[in-house]
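Student: Have a look at this one before I ask anything.
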Amino acid sequence: MNDSLRLLIQKITKLPTIPLIAHQILNLSSDEKTSLGKLESIIQQDPAIAAKVISFSNSALFGHISSCTTITCAIRKIGFDNVLNIALGISLMTLFDSGNQERAFDYQKLYRHSLAVGMLSKRLAEGLGLKRTEEYFLSGMLHDLGFLLLNRHFPGMYRKSIDERTKGECPLEAERKVLGFTHAEAGAWLADKWNLPVALWEAILQHHTPSRAKKHTRLAAVVHLADYLTTRKFYAPDEKSREYPLDPSSLEALALSREGIEEMAEELDTSIFSGGVFLS
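Note that the UniProt record's numbering gives residue 31 to position 31 of the sequence shown, counting from 1, and the numbers run on in steps of one.
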């Protein structure tokens with residue numbers, strides 16, 4: 001762990017613990033004897049999460065084949081793994097909506113940005129013919145976990161790093177200058193603390209620098225591109241993030257050109273970004 005990050009983390013009096021429902025879902029994902037009923041019963045413990053999962057299943061991201069009103073229907077419509085990852089992502093994201101008035105940025109804006117990156121990561125992965133696209137969705141949704149951690153526990157310090165961007169500093173350079181580490185490193189630390197899958201940990205750590213990913217380069221590259229497109233064209237976490245630098249290595253990893261990715265952006269069905277999934 002970065003020394004600056006270690007010292008700052010030690011100042012947190014109450015470290016964020018993984019929500020019970022997320023812990024249960026993670027255990028379920030590694031259980032070979034799992035069942036639809038077990039996942040349904042876990043999700044139904046939290047009506048708010050259940051409602052959002054159902055809303056996702058009815059969104060344009062998964063088509064409009066039928067409209068679901070129950071978790072059982074959602075699982076049958078979009079699949080066990082999709083429902084599992086959506087529920088896991090939502091349970092972790094909502095942990096940081098603490099109502100703290102001293103924030104560096106608006107939680108709801110970041111929440112919508114994170115959902116959009118997750119949805120776009122899934123669409124890009126599908127378009128590229130990649131497998132297990134639900135993993136791309138979850139990685140995209142949680143890529144800015146570090147933002148959430150810093151916004152909740154160190155809003156004043158993080159605000160200073162945002163202000164540095166107006167002086168010509170890129171986001172990561174501004175964070176290193178003020179904090180001594182980046183939001184990507186903070187997010188990866190939390191993912192490791194929570195024992196999240198290694199692929200997810202690496203995607204969070206390298207979502208700005210996919211060429212540095214040692215094992216899951218394509219995953220990091222897809223999340224980077226989705227973050228780039230979402231920030232510049234759809235939902236930015238804040239206006240100072242609009243000038244998002246594209247890492248050319250992400251294009252190389254996926255055999256894409258800059259023109260190709262811009263064409264993909266133009267052809268995107270933006271209806272996936274509408275509907276109840278973006279309501280808090």
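Beta carbons: idealized from backbone N, C-alpha and C, even for Gly.
Do you know offhand how far residue 206's Cα is from residue 213's?
Tutor: One C-alpha to the other measures close to 6 Å.
Student: Who are the Cβ neighbours of residue 209 in its own chain at under 7 Å, not counting the five residues just before and after it?
Tutor: The answer, listed in chain order, is 247.
Student: Please find out if some non-hydrogen atom of the ligand SAH comes closer than 7 Å to the beta-carbon of residue 39.
Tutor: Looking for the ligand SAH in the displayed structure turns up nothing, as the structure carries no ligands at all.
Student: Please state whether the Cβ-Cβ distance between residue 120 and residue 148 is less than 8 Å.
Tutor: The answer is no: Cβ separation not under 8 Å.
Student: Just to confirm my understanding: we take residue 150, look at its own chain, exclude 5 residues before and 5 after, and list those with CB closer than 8 Å. What are they?
Tutor: For residue 150, where only same-chain residues beyond five positions count, the Cβ hits under 8 Å are 104, 157, 158, 179, 183, 186.
Student: Drop a sphere of 10 angstroms on the beta-carbon of residue 18, count the other beta-carbons inside from all chains shown, and report buried for 16 or more, exposed for fewer.
Tutor: Burial call: buried.
Student: Exposed or buried, residue 198, counting other C-beta atoms within 10 Å across all chains shown (16 or more means buried)?
Tutor: It is exposed - the Cβ of residue 198 has fewer than 16 other Cβ atoms within 10 Å.
Student: State buried or exposed for residue 258, treating a residue as buried only when at least 16 other CB atoms are found within 10 Å of its CB.
Tutor: Classification for residue 258: exposed.
Student: Could you give the first and the last residue of the continuous alpha helix (DSSP H) run that contains residue 247?
Tutor: Here residue 247 belongs to no alpha helix (DSSP H), and DSSP marks it neither H nor E.
Student: Helix, strand or coil for residue 77, going by three-state DSSP, please let me know.
Tutor: If DSSP states are grouped into helix, strand and coil, residue 77 belongs with the helices.
Student: Might you give, ordered along the chain, the residues of its own chain that have their beta carbon closer than 8 Å to the beta carbon of residue 130, omitting 5 neighbours on each side?
Tutor: Around residue 130: 136, 218, 222.
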